[in-house]
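Residue numbers (the numbering used here): 114 to 421. Ideal placement from N, C-alpha and C gives every residue a C-beta, glycine not left out. Report on one structure; see the data block that follows.
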């Protein structure tokens, strides 16, 4: 809320525009739950990085809400943070796994999709999941506060792009000239998750039901839904490696093929930021890089806040 979070290795930087217009910055360690050798190990790091990003992201969101919301806002307690995380995961699982699965069962009753052991069931399930995902983004994008979040998302991309291009100095004015779309965006990661989930479900679920099934249709579908929950581990791992590989493709043709769908989706999750939002992005970039910055970064006046 009215802020931008950036990560640089073990450091997390958060820049927030307070209700009175002042920009504050918070620099803190990245909260991690796994050994570094795991979060850097290819084909194992995807799910641990996803969990850590969720926790750090929700914590940063709550911190920004405290400062941007005014002095009357109370500090978020640890149990509230944990509850927010659990409810967020439960809501996402309900909306993008359970409901599409139930709707596909309805299509099976209408003879439009096959049984859960077949390929057509999971193709329809994936299509409904994708449509719900797009519909959800479009719907929340109509909310004024979320539109501002999308503007800050665009500001984040523009400032990072200006720095990666070696622009000197990196400032709100120079960052404004760059695209609000970025190939390593989390939106692109979600798109990879959706596509890979269709492939994994199509292969893994029939294989699972070949090894075990139930004559009771309700039990069978309930077990399949639970099985899909645990499949998020290999799916997120594959998606993480896919997005990193896509960002590294040097060929213009193949690079465009890999990156274009994610960039198109970012048209929904980013908006062009205003000058003040770019200022917040520049502060977040400056604090995330610290002494590692290789070009001059011109920031507006801001205040550092000590926070553990």
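{"Query": "Beta-bridge pairing of residue 116 - partner residues as DSSP gives them", "Result": "129"}
{"Query": "Chain-order list of residues whose beta-carbon lies under 6 angstroms from that of residue 411 (same chain, five-residue window excluded)", "Result": "282 and 284"}
{"Query": "Cβ pair residue 300, residue 350 closer than 7 angstroms", "Result": "no"}
{"Query": "Residue of 344, 302 and 234 minimising C-alpha distance to residue 313", "Result": "344"}
{"Query": "Length-filtered (3 minimum) beta strand (DSSP E) runs lying within the region 164 to 224", "Result": "none"}
{"Query": "Expected contact under 8 angstroms - CB spacing of residue 116 and residue 265 to nearest Å", "Result": "7 angstroms"}
{"Query": "Buried versus exposed, by CB contacts within 10 Å (16 or more), residue 274", "Result": "buried"}
{"Query": "Separation of residue 260 from residue 181, as counted between CA atoms", "Result": "16 angstroms"}
{"Query": "Beta-carbon proximity of residue 401 to residue 119, cut-off 7 angstroms", "Result": "yes"}
{"Query": "Given 8 angstroms, three or more beta-carbon pairs between the region 323 to 335 and the region 137 to 150", "Result": "no"}
{"Query": "Exposure label - residue 296; buried when at least 16 CB within 10 Å", "Result": "buried"}
{"Query": "Host beta strand (DSSP E) of residue 142 (start-end)", "Result": "136 to 142"}
{"Query": "Burial state of residue 379, where buried means 16 or more other Cβ atoms lie within 10 Å", "Result": "buried"}
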